[in-house]
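*Asks:* Below are the structure tokens for one structure; questions will follow.
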Amino acid sequence: ELSKIPHKIQQKQSAAIISVWKNMTVQDLAAAMGRDIDQVFEAMLYVENADAYDSPTSQINQLGVIVETVKRCGMRCVTIASPDSIHDFSSDSKDVTRRPPPDRKMMVKCPPVVTIMGHVDHGKTTLLDSLRHSHIVETEYGGITQHIGAFSVKLETGESVTFLDTPGHAAFSAMRARGATVTDIVVLIVAADDGVKEQTIESLHLAREAQGAILPFSLLDLILYISTHTEDSFLPVPIIVAINKIDKVGVDLKEQRKRVREEKKELKEIEVKKRKDERKAKKNQQKSVAGEPERVTGKPKKRIKEDMVTVTNVGLTKKPGENKSTKGLRLTERCKRMLLGQGLDLEEFGGDVQCIPISALEGKNLDLLIDAILTQAEISDIRCDPKGPVEGVIIESCTDPGRGKLCTAIIQRGTLYKGTILVAGEAWAKVRSMFNDQGLPILDAPPATPVEIVGWRELPSAGDEILEVPSEKKAHEVVAWRRHVHLQEKGDQDLSAIQEKMEEHLRVYKAELEERRRLRVRRLRRRGLRPKENPSFPDDNSRLAIVIKGDVDGSVEAILDVLDTYHSPLCHLDIIHYGIGAVSMKDIEFAEAFQGQSLGVQLCDSALFPSFTFPYSLLGEADVLQEFLVSEGRKKIPVAGSRCTKGVLKKSANFRVLRGGNILHEGSLSSMRHLKNEVDAIKKDTECGLCFQDISLRFQPGDTIICFQIVKQPQKIDWDPGF
1 ELSKIPHKIQ QKQSAAIISV WKNMTVQDLA AAMGRDIDQV FEAMLYVENA DAYDSPTSQI
61 NQLGVIVETV KRCGMRCVTI ASPDSIHDFS SDSKDVTRRP PPDRKMMVKC PPVVTIMGHV
121 DHGKTTLLDS LRHSHIVETE YGGITQHIGA FSVKLETGES VTFLDTPGHA AFSAMRARGA
181 TVTDIVVLIV AADDGVKEQT IESLHLAREA QGAILPFSLL DLILYISTHT EDSFLPVPII
241 VAINKIDKVG VDLKEQRKRV REEKKELKEI EVKKRKDERK AKKNQQKSVA GEPERVTGKP
301 KKRIKEDMVT VTNVGLTKKP GENKSTKGLR LTERCKRMLL GQGLDLEEFG GDVQCIPISA
361 LEGKNLDLLI DAILTQAEIS DIRCDPKGPV EGVIIESCTD PGRGKLCTAI IQRGTLYKGT
421 ILVAGEAWAK VRSMFNDQGL PILDAPPATP VEIVGWRELP SAGDEILEVP SEKKAHEVVA
481 WRRHVHLQEK GDQDLSAIQE KMEEHLRVYK AELEERRRLR VRRLRRRGLR PKENPSFPDD
541 NSRLAIVIKG DVDGSVEAIL DVLDTYHSPL CHLDIIHYGI GAVSMKDIEF AEAFQGQSLG
601 VQLCDSALFP SFTFPYSLLG EADVLQEFLV SEGRKKIPVA GSRCTKGVLK KSANFRVLRG
661 GNILHEGSLS SMRHLKNEVD AIKKDTECGL CFQDISLRFQ PGDTIICFQI VKQPQKIDWD
721 PGF
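Structure, rendered in structure tokens:
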């Protein structure tokens, strides 16, 4: 009976399944398994490559070690994403913003941030060279600034001024706007011999629009700030005008002003005397005398005549259509009138804008410009808050082969130290090292200090705000939140573009449907040629794919802004990739995959397109009179006995043989002889023997030989980049 009792087989207990992730610590692994940490270390003794993790806080970066340790403990595991990388975006914003402005009583004085702006080649970088006693302009391609630079200049008075040098080229509009928004004072450079130009006007508008005291923060803080601050906080950035290149005028400025006033006074006296004499002559009815101009004798006339000759030599006499008020004025006076026409109220005309004539090349009147800057800084009472979390703006960013990703920034609030966690845009950094504008390491960076920051995990974009966060975890949350918001905005933009495209297609379809119903046909025939049959439709050969790499973010940004204006149907332009750094083999392979080209951009070059066409320039023409066979060893070499009928035949050029109007051969010569002498050229009406490199070519009397050279010309397209 006992044998008939069924035996109950106990079910085997399955191993517990836990969740693990890469880079988890030993302590996290013990908590996930529910085991003591000593038991985990004991299991890791039998796991290969696990001896490196000997601390509870050690991160296990090898997933195989984690899996084997779990198996040793009698469990199974599944791999999941790290909990730190999973962010809950359903709650409120996790972004960080600037702090509300502090009480002005708690702020201290700081060096002013001065931006040098103006038209290209008006002497902005030369002015900074004179102030810093450096030679930056020699390192820039073509003497034109390609990047925005930040420098701290120690003056002879012991005070410091931070200067920003912005490019003047039309392609660098974003750089100029970036410099205007972080500045306390704008120095507008105008060349005396060139006057007010396009980028001068643009810089003037940017300076007027820049509101230095208004910073973005929450609405409640903004209302509180407006209620507790005066209207002076909302004034635009003050402007100082520096009229450069006065050394080209060739006269002393004070003497110039004095002589202009004397000339105007004496000319006025002459005009008054002339009118009196004319009225007197008319009254006495002396018609013969009334029509003659009054002759002025004496020394004043001679001096005025000499002065007017001097004015003529520098091109300042009155021109047709020029206002009478500018007659006889010097170049600096002309620039002032042009600035006045742009709404800039100079001190000489009753305004409050200082105007200093200088020569940056010779260092003339630079002390007056520095005094004007310090005076304006004293009037503006520039102050800052050196305490609390760091706030600033990125001026430029790049990748250095030796130091990695770095950026040039201006600290606006707080003091930056080594080890500080920063967030800028969608990038974050733990400050590894800092350098000043001379490349020397520094320990701290107070407000109004230009500094190079090393330690970025991702390269930030120029113009991004720098904000300090308390920890790396917070930095990850902020960056993830900003990326999430950016993707949402991009998705909304793409959705609206798709909807517009669908609506456009629907309108076209409804129009065709109505036309079919009106014509009572089931199918509407296609009108015109198909796209591939249309000769005006661009084919694959009229498409250029490019990869753009630049030395800094600002240069790439300028090139992309210029290429955004390209809309020519002659050649479609596809930007398949762009980035910062040197052109690598990966970039070249990427471009070859799209049959494109890689462009390393370190300057603004409008000639981005390669040459496609190679027209030739005709040099000469000859007629074949007879063919000769010349023996060279066992070979018979054909030689064309010819006479030059047009131009000149050059041995180094290219030749084309025509027979009956058709091209028989095209190539180069191996020999050109006149009589028995080897020559390099044959003139008109001279007989010669021509031997081609292709010895299989045979000649006949009446053949025509054309001599030409290839001229490489850039392909032209109907695109005006705006400069």
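Numbering-wise (the UniProt record's numbering), the sequence shown opens with residue 1 and increments by one. The C-beta atom is built at its ideal place from N, Cα and C for all residues, glycine as well.
In the DSSP assignment, find the alpha helix (DSSP H) that holds V508 and state where it starts and stops.
*Replies:* Within the sequence shown, residue 508 is the residue found at index 508, counting from 1. Unbroken alpha helix (DSSP H) run through V508: 472-519.
*Asks:* With Q376 as the anchor, note down where its alpha helix (DSSP H) starts and where it stops.
*Replies:* The count along the sequence shown starts at 1 and reaches residue 376 at position 376. Its alpha helix (DSSP H) spans residues 366-380.
*Asks:* For the putative contact between V186 and A207, defined by C-beta atoms under 8 Å, what is the C-beta separation to the nearest angstrom?
*Replies:* Position 186 of the sequence shown, counted from the first residue, corresponds to residue 186. Position 207 of the sequence shown, counted from the first residue, corresponds to residue 207. With a Cβ gap of about 4 Å, V186 and A207 count as contacting.
*Asks:* Taking only the alpha-carbon atoms, compute the straight-line gap between D165 and T200 and give it to the nearest angstrom.
*Replies:* Sequence index remark: in the sequence shown, residue 165 carries index 165 (1-based). Sequence index remark: in the sequence shown, residue 200 carries index 200 (1-based). Taking the straight line from one Cα to the other gives about 14 Å.
*Asks:* Would DSSP call A653 helix, strand or coil?
*Replies:* Residue 653 sits at position 653 when you count from the first residue of the sequence shown. Correct three-state label for A653: coil.
*Asks:* For V552 and V478, which I take to be in contact (beta-carbon distance under 8 Å), what is that distance rounded to the nearest angstrom?
*Replies:* Taking the first residue of the sequence shown as 1, we reach residue 552 at position 552. Taking the first residue of the sequence shown as 1, we reach residue 478 at position 478. The Cβ separation is near 25 Å, so there is no contact.
*Asks:* Using 8 Å as the Cβ pair cut-off and three pairs as the minimum, do the segment 272-282 and the segment 155-164 touch?
*Replies:* Counting C-beta pairs closer than 8 Å gives fewer than three between the segment 272-282 and the segment 155-164, which falls short of the contact rule.
*Asks:* Going by DSSP, what residue range makes up the beta strand (DSSP E) through G341?
*Replies:* Position 341 of the sequence shown holds residue 341. Run containing G341: none in the beta strand (DSSP E); it sits in the alpha helix (DSSP H), 331-341.
*Asks:* Buried or exposed: which applies to G328, given that a residue is buried once 16 or more other Cβ atoms fall within 10 Å of its Cβ?
*Replies:* Residue 328 sits at position 328 when you count from the first residue of the sequence shown. Residue placement at G328 cannot be trusted, given a pLDDT of 33 that sits under 50; what the coordinates show is reported in the next sentence. Buried, since its Cβ has 16 or more Cβ neighbours within 10 Å.
*Asks:* With a cut-off of 8 Å on the beta carbons, I'd call K245 and A191 a contact; round off their distance for me.
*Replies:* For the purposes of this step, residue 245 is identified with residue 245 of the sequence shown, where counting begins at 1. For the purposes of this step, residue 191 is identified with residue 191 of the sequence shown, where counting begins at 1. Going by Cβ atoms, the distance from K245 to A191 rounds to 5 Å, so yes, they are a contact pair.
*Asks:* Please list the terminal residues of the continuous beta strand (DSSP E) segment that includes K636.
*Replies:* Start at 1 with the first residue of the sequence shown, and residue 636 comes out as number 636. Its beta strand (DSSP E) spans residues 635-647.
*Asks:* By the three-class DSSP mapping on this structure, what secondary structure does S160 have?
*Replies:* Residue numbering aside, residue 160 sits at position 160 when the sequence shown is read from its first letter. Judged by DSSP in its simplified three-state form, S160 adopts strand.
*Asks:* Which of the three DSSP states, helix, strand or coil, is assigned to S631?
*Replies:* Taking the first residue of the sequence shown as 1, we reach residue 631 at position 631. Here S631 sits in strand by DSSP.
*Asks:* If you run the structure through DSSP and keep just helix, strand and coil, what is I246?
*Replies:* Here residue 246 refers to the residue found at position 246 of the sequence shown. Reduced to three states, the DSSP call for I246 is helix.
*Asks:* How many Å lie between S433 and E503 at the Cα?
*Replies:* Along the sequence shown, read from residue 1 onward, the residue named residue 433 stands at position 433. Along the sequence shown, read from residue 1 onward, the residue named residue 503 stands at position 503. Going by the C-alpha atoms only, they are around 54 Å apart.
*Asks:* Can you tell me whether K154 is buried or exposed, with buried defined as 16 or more other CB within 10 angstroms of its CB?
*Replies:* The residue you call residue 154 lines up with position 154 of the sequence shown. By the 10 Å Cβ count, K154 comes out exposed.
*Asks:* Does DSSP put K405 in a helix, a strand or coil?
*Replies:* The residue you call residue 405 lines up with position 405 of the sequence shown. K405 sits in a strand when the DSSP states are folded into three classes.
*Asks:* V113 and A409 - do their beta-carbons sit closer together than 8 Å?
*Replies:* For this step, residue 409 is matched to residue 409 along the sequence shown. For this step, residue 113 is matched to residue 113 along the sequence shown. In this structure, V113 does not lie closer than 8 Å to A409 by Cβ.
*Asks:* Can you look up S19 in the DSSP assignment and give me helix, strand or coil?
*Replies:* What you label residue 19 is simply residue 19 of the sequence shown in a count that begins at 1. Strand, per DSSP.
*Asks:* Let me make sure I understand the geometry here. Which of E557, G123, L440, S397 has the alpha-carbon closest to that of A429?
*Replies:* Within the sequence shown, residue 429 is the residue found at index 429, counting from 1. Closest option to A429, Cα to Cα, is S397.
*Asks:* Count the other CB atoms, across all protein chains shown, that sit within 10 Å of the CB of Y509; report buried if there are 16 or more and exposed otherwise.
*Replies:* For the purposes of this step, residue 509 is taken as the residue at position 509 of the sequence shown. Classification of Y509: exposed, given that the 10 Å Cβ count is below 16.
*Asks:* Whole angstroms are fine: how far does the CA of A591 sit from the CA of L664?
*Replies:* Position 664 of the sequence shown, counted from the first residue, corresponds to residue 664. Position 591 of the sequence shown, counted from the first residue, corresponds to residue 591. L664 and A591: Cα-Cα distance of roughly 38 Å.
*Asks:* So, is D128 buried or exposed, given that buried needs 16 or more other C-beta atoms within 10 angstroms?
*Replies:* By 1-based counting over the sequence shown, the position of residue 128 is 128. Reading off the sequence shown, one finds Leu at residue 128, where the question assumed Asp. Buried, since its Cβ has 16 or more Cβ neighbours within 10 Å.
*Asks:* When the Cα atoms are used, what is the spatial distance from G661 to L669?
*Replies:* Residue mapping note: residue 661 aligns to position 661 of the sequence shown, counting from 1. Residue mapping note: residue 669 aligns to position 669 of the sequence shown, counting from 1. Distance between the alpha carbons of G661 and L669: 21 Å.
*Asks:* To the nearest whole angstrom, what separates the beta carbons of A372 and G123, a pair I think is in contact under 8 Å?
*Replies:* As a working mapping, residue 372 is identified with position 372 in the sequence shown. As a working mapping, residue 123 is identified with position 123 in the sequence shown. Going by Cβ atoms, the distance from A372 to G123 rounds to 17 Å, so no, they are not a contact pair.
*Asks:* Exposed or buried, which one is T126 when buried takes at least 16 other CB atoms within 10 Å?
*Replies:* Counted from its first residue, the sequence shown places residue 126 at position 126. Burial call: buried.
*Asks:* Using a Cβ-Cβ distance cut-off of 8 Å, determine whether P441 contacts chain D.
*Replies:* Of the protein chains in this structure there is only one, and it is not chain D.
*Asks:* If you reduce the DSSP assignment to three classes, tell me which class K282 lands in.
*Replies:* Here residue 282 corresponds to residue number 282 of the sequence shown, with the count starting at 1. Looking at K282 - three-state DSSP - the assignment turns out to be helix.
*Asks:* Count the C-beta pairs between the segment 57-73 and the segment 406-421 that are closer than 8 Å, then say yes if the count reaches three, no if not.
*Replies:* no
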